[in-house]
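Undergrad: My numbering numbers the first residue of the sequence shown as 2 and each following residue consecutively.
Even glycine gets a Cβ: it sits at the ideal position worked out from N, Cα and C.
Here it is: the structure, laid out below.
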Amino acid sequence: MHEETFRRACEEGGLNKYLFEQANIREHCTWVTMNDVPGATRIAKDHIRMAVAKAGALKPLEVKTVKVEPATLVVGAGIAGINAALDLANSGYKVYLVEKSPTVGGHMAQLDKTFPTMDCSSCITTPKMSEVARNKNIELMTYSEVVSLDGYVGNFQARIEKYPHYIDQDTCTGCGHCVDTCPVETGNEFELGMKPRKAIYLSFPQAVPGEYTIDMNHCIKCGICAEACPTSAVRYNDKSEYVDIKIGN
């Protein structure tokens with residue numbers, strides 16, 4: 002609030018407003034050390050010295066208008082990321098929603114009730130999960146992570162690594178024969194390791210997207226799931242894909 006006031010004063014006095022540097026000794030000093038007057042005074046002097054030193058190195062700046070890429074990157078598809086993506090998409094913006102897990106939903110999908118109303122968690126989350134997958138303005142990238150980000154305000158380039166599911170999702174029918182025949186069991190992350198899952202798995206029944214994934218950290222490549230698959234959808238040799246996107250924020 003006060004910074005803008007003094008910047009306007011600089012402009013009215015014929016100075017570039019970005020030559021102003023504020024030593025905020027109220028919030029940053031006196032309010033947090035009000036019971037130590039000598040200490041507060043020493044800190045205030047330091048703040049003023051630093052502000053004066055910085056002001057001497059400031060250079061005039063000019064406001065520029067740049068074209069902003071009308072797309073947004075949202076990292077994390079928990080309930081917060083889902084809501085943010087839906088709000089932006091419903092306002093007409095292109096949204097890239099990136100989630101490192103094979104499904105959206107985050108921790109809320111693991112809960113039974115939500116505080117303080119004790120409403121059913123899945124009753125709230127599941128419709129939003131489905132909506133985010135259907136929204137034409139949202140490009141959903143699950144089992145993916147941001148590996149690089151470059152650019153400047155309004156114009157960024159992000160590289161996304163899409164991890165392989167080792168399943169051809171266009172061919173897979175979701176019959177579950179692969180899971181039934183898989184001989185390997187490990188801890189189920191969705192159940193916090195308290196229940197087992199197979200090396201080939203679907204995170205939970207309401208997962209969005211409903212795509213099976215092979216956990217190569219536990220898969221022994223015995224080939225049993227490939228033999229059981231009626232559509233030959235198992236792809237043991239799939240590799241990560243990299244996608245470059247342009248975003249404004």
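Keeping to the same chain, check which residues put their C-beta closer than 6 angstroms to that of D169; ignore five residues upstream and five downstream.
TA: If we look at D169 and ignore the five residues flanking it on each side, its Cβ neighbours are A234 and R236.
Undergrad: Of the residues I80, D37, Y97 and L20, which one's Cα is nearest the Cα of E63?
TA: It is L20 whose Cα lies nearest to the Cα of E63.
Undergrad: Between S145 and K101, how many whole angstroms is the CB-CB distance? I'm expecting something under 8 angstroms.
TA: Correct: roughly 7 angstroms between the Cβ atoms.
Undergrad: Can at least three beta-carbon pairs, one atom from the stretch 128–147 and one from the stretch 90–110, be found at a separation below 8 angstroms?
TA: Taking 8 angstroms as the limit for Cβ pairs, the verdict is that the stretch 90–110 does touch the stretch 128–147.
Undergrad: Is A41 helix, strand or coil when you go by DSSP?
TA: In this structure, A41 counts as helix in the three-state DSSP scheme.
Undergrad: Measuring only the C-alpha atoms, how far is C124 from G82?
TA: When rounded, the distance between both Cα atoms is 18 angstroms.
Undergrad: Below 8 angstroms on the Cβ atoms is my contact criterion, and I expect I248 with T66 to pass it. Report the Cβ-Cβ distance as a whole number of Å.
TA: Not really, about 19 angstroms apart at Cβ, beyond 8 angstroms.
Undergrad: Using the Cβ count rule (16 or more neighbours within 10 Å means buried), how would you classify V53?
TA: So V53 ends up on the exposed side.
Undergrad: How should Y153 be labelled, buried or exposed, when 16 other C-beta atoms within 10 angstroms of its C-beta is the threshold for buried?
TA: With fewer than 16 other Cβ atoms within 10 Å, it is exposed.
Undergrad: Would you mind stating whether A208 and C183 have Cβ atoms separated by less than 9 angstroms?
TA: No.
Undergrad: Can you give me the C-alpha to C-alpha distance between E242 and Y164, rounded to a whole angstrom?
TA: Taking the straight line from one Cα to the other gives about 7 angstroms.
Undergrad: Tell me the residue span of the alpha helix (DSSP H) that contains G152.
TA: Careful: G152 lies outside any alpha helix (DSSP H), inside the beta strand (DSSP E) at S145 to Y153.
Undergrad: Spell out a yes or no on whether the stretch 113–123 and the stretch 219–229 are touching, meaning 3 or more CB-CB pairs, one atom from each, closer than 8 angstroms.
TA: No: the two stretches stay apart, fewer than three of their Cβ pairs being nearer than 8 angstroms.
Undergrad: Tell me where the alpha helix (DSSP H) around K129 begins and ends.
TA: Here the alpha helix (DSSP H) through K129 covers S122 to R135.
Undergrad: Please specify which runs of the alpha helix (DSSP H), each continuous and at least 4 residues long, are wholly inside the stretch 149–223, giving them in chain order.
TA: Segments of the alpha helix (DSSP H) lying fully in the stretch 149–223: 178–182.
Undergrad: How far does the beta strand (DSSP E) with A110 in it extend, from its first residue to its last?
TA: Counting along the chain, A110 falls outside any beta strand (DSSP E), and DSSP gives it neither H nor E.
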